[in-house]
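Below is one structure, written out as structure tokens; comments come after it.
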Amino acid sequence: MAMSFEWPLQPNVDTRQKQLAAWCSLVLSFCRLHKQSSMTVMEAQESPLFNNVKLQRKLPVESIQIVLEELRKKGNLEWLDKSKSSFLIMWRRPEEWGKLIYQWVSRSGQNNSVFTLYELTNGEDTEDEEFHGLDEATLLRALQALQQEHKAEIITVSDGRGVKFF
Amino acid sequence: FFRWISTKIHFSFQAFEDLSKLMIKAKEMVELSKSIANKIKDKQGDITEDETIRFKSYLLSMGIANPVTRETYGSGTQYHMQLAKQLAGILQVPLEERGGIMSLTEVYCLVNRARGMELLSPEDLVNACKMLEALKLPLRLRVFDSGVMVIELQSHKEEEMVASALETVSEKGSLTSEEFAKLVGMSVLLAKERLLLAEKMGHLCRDDSVEGLRFYPNLFMTQS
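Here the protein sequences come in this chain order: A and B. Residue numbers for the first sequence follow the working numbering, so the first one is 644 and each next one is one higher. Residue numbers for the second sequence follow the working numbering, so the first one is 254 and each next one is one higher.
Pasting the structure below:
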């Protein structure tokens, strides 16, 4: 096996799948807890996520790349630049957020209403909703997903962007 | 006919006296052994089978391979078949004493030490061992993924030993091949193969770091 001694991926395929899944889950939980929606790879390397100071063990950058790629494939991560140095991390996939938002809109009978992005995430009406406080980048992608399904349309309003729901 | 052959062989012994000359003679030797073997084939009617077998063994013991019968897995010369049966006799007790499994190198040393003279070449040993299963003898040759070759008693089930290996590793939290070998009283080579097999079966996972290769119970699979 041509694996360098630094490569901590499990050789048994089934075990490796579980291992990757465990890392992905850890990344999403960490980012959700610390309300981090974006990161650079360098930050990630030094963060408690991949750098365990107590154990004096670090996940090598090649393995971090593999974990990030896995998250990207699952729809939880998006690269923010071509050189793959920083990324958006979404502990819920945009489609899932979109669904939650649309459910709230329908439940409160507000189809055909227009909202500013700010209202959605920071308005009083949404204080009890899970998407309250959601970062703009993720919100936009959630609305784009709804747009694809013809359930919403992103529009420009007086001082920024807004959305109309159908 | 045999007189012709013995003169040829006399000249070959002269070749053995001087190694450098032997190198030059090597090509001639190969040609010679081929022609002898072909003559044996041609004269099949004139020579008894017993004489042929004796003669082939003689060639083999001189280190000249017999090109007429190619060793393929499951078939081989009479010589290797006899050897396989001999090995089964010699190795039964040593195998039982060693937990049912020995590496081929251990077998090689043990057998040659017992023989004292007429030492077996590694090729002969391997070829004989390849026939063990086909001859329905109570031992078999097994090759692990890593290429390591062992002789096992037919009654030995390495996969079942894996279960006990898992228990041992779990008790200690984690183990390297060396630590495991020491605990269980096995050679490090065989200990490593057992741990690797356990990993392949999903019971153990690894931590490969600068400090070495450690095996842990595979919590990825048991705790989801």
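Heads up, the beta-carbon is just placed ideally off N, CA and C, and yes, glycines get one too. Predicted model only: the values in this text are computed from it and were never measured.
Cβ-based burial, residue i [other Cβ within 10 Å; buried from 16]
i: S328/B; result: Model confidence at S328/B stands at a pLDDT of 42, short of 50, so the residue's coordinates are unreliable and nothing is read from them.
i: Q653/A; result: buried
i: K678/A; result: exposed
i: E412/B; result: exposed
i: H456/B; result: buried
i: Q662/A; result: buried
i: N380/B; result: buried
i: I317/B; result: Per-residue confidence for I317/B stands at a pLDDT of 49, beneath the threshold of 50, marking its modelled position as unreliable; the derived number appears in the next sentence. Buried, by the Cβ-count rule.
i: L805/A; result: Strictly speaking, residue 805/A in this sequence is Gly, with Leu absent from that position. Buried, since its Cβ has 16 or more Cβ neighbours within 10 Å.
i: M439/B; result: buried
i: R368/B; result: exposed
i: T799/A; result: exposed
i: M685/A; result: exposed
i: V748/A; result: buried
i: Y326/B; result: Residue placement at Y326/B is flagged as unreliable, the pLDDT there being 37, under the threshold of 50; the coordinate-derived value follows with that caveat. By the neighbour-count rule (16 or more Cβ atoms within 10 Å), Y326/B is not buried but exposed.
i: T475/B; result: exposed
C-alpha distance - residue i paired with residue j, whole-angstrom precision
i: E349/B; j: Q407/B; result: 11 Å
i: E324/B; j: I404/B; result: Only weak support exists for where E324/B lies, its pLDDT of 41 falling under 50; the value from the coordinates is given anyway. One C-alpha to the other measures close to 19 Å.
i: S374/B; j: K445/B; result: 27 Å
i: P470/B; j: N694/A; result: 23 Å
i: L731/A; j: L357/B; result: 56 Å
i: L448/B; j: R393/B; result: 21 Å
i: K810/A; j: E689/A; result: The structure shown does not extend to residue 810/A, since chain A spans only 644 to 809, so no value can be given for it.
i: A416/B; j: D461/B; result: 22 Å
i: V437/B; j: P691/A; result: 38 Å
i: Y332/B; j: S288/B; result: 20 Å
i: E772/A; j: R750/A; result: 12 Å
i: D778/A; j: T764/A; result: 8 Å
i: Q708/A; j: R366/B; result: 55 Å
i: P320/B; j: N291/B; result: Below a pLDDT of 50, predicted positions are generally treated as unreliable, and P320/B, at 35, falls in that range; the measurement from the model is reported next regardless. Near 9 Å, if we compare the C-alpha coordinates of N291/B and P320/B.
i: K725/A; j: T683/A; result: 13 Å
i: A451/B; j: A418/B; result: 8 Å
i: V422/B; j: I797/A; result: 58 Å
i: N755/A; j: E767/A; result: 19 Å
i: K701/A; j: A687/A; result: 11 Å
i: V757/A; j: L669/A; result: 37 Å
i: L388/B; j: F397/B; result: 21 Å
i: C382/B; j: E376/B; result: 10 Å
i: K794/A; j: R736/A; result: 17 Å
i: Y745/A; j: A788/A; result: 11 Å
i: R395/B; j: F433/B; result: 21 Å
i: T658/A; j: L671/A; result: 20 Å
i: E424/B; j: L340/B; result: 38 Å
i: G803/A; j: Y761/A; result: 9 Å
i: G342/B; j: A664/A; result: 52 Å
i: W722/A; j: S728/A; result: 8 Å
i: R784/A; j: S801/A; result: 21 Å
Selected residue, minimal CA-CA separation from residue i, among the options
i: Q791/A; options: S729/A, T759/A, T769/A and E738/A; result: E738/A
i: M334/B; options: E386/B, D398/B, L443/B and H409/B; result: E386/B
i: V704/A; options: E721/A, K678/A, P651/A and G805/A; result: P651/A
i: N719/A; options: K727/A, W734/A and K725/A; result: W734/A
i: L782/A; options: W666/A, S680/A, N655/A and V656/A; result: S680/A
i: P347/B; options: K338/B, V364/B, G400/B and L336/B; result: V364/B
i: E359/B; options: L388/B, D398/B and M402/B; result: M402/B
i: G426/B; options: A337/B, G342/B and L472/B; result: L472/B
i: P391/B; options: E284/B, E371/B, K338/B and R351/B; result: K338/B
i: E713/A; options: Q699/A, Q660/A and A780/A; result: Q660/A
i: F809/A; options: G741/A, A780/A, Q753/A and R784/A; result: Q753/A
Cβ shell of residue i (< 6 Å), same chain only, five flanking positions each side left out
i: E431/B; result: V441
i: L378/B; result: Y361
i: L229/B; result: Here chain B comprises residues numbered 254 to 477, so residue 229/B is not present and cannot be evaluated.
Beta-bridge partners of residue i, as assigned by DSSP
i: V800/A; result: G803/A
i: M439/B; result: M439/B pairs with nothing; no bridge assigned.
i: R395/B; result: V403/B
i: R467/B; result: T429/B and D460/B
i: K287/B; result: DSSP, once it has assigned bridges, lists no residue as partnering K287/B.
i: K701/A; result: N694/A
i: V684/A; result: Its beta-bridge partners do not exist; DSSP assigns none.
i: F730/A; result: M682/A and W722/A
i: T330/B; result: T330/B is not bridged to any residue.
i: V757/A; result: K807/A
i: A795/A; result: F808/A
i: M355/B; result: I404/B
Residues near residue i in its chain [Cβ-Cβ closer than 8 Å; skip 5 each side]
i: V463/B; result: none
i: G353/B; result: E405, L406, S408 and H409
i: L428/B; result: T421, V422, L436, L448, R467 and F468
i: K717/A; result: C667 and R736
i: K453/B; result: D398
i: A780/A; result: S680, S681 and L731
Own chain, CB closer than 7 Å to residue i, minus 5 neighbours either side, in chain order
i: H775/A; result: T764 and T769
i: L711/A; result: L720 and F730
i: A645/A; result: In this prediction, A645/A has a pLDDT of 31, which is less than 50 and means its spatial position is unreliable; nothing more can be read from the coordinates.
i: F673/A; result: L692
Relative to chain C, which residues along the stretch 660-675 of chain A have a C-beta separation below 8 Å, given in chain order? Absent here is chain C; the protein component of the structure consists of chains A and B.
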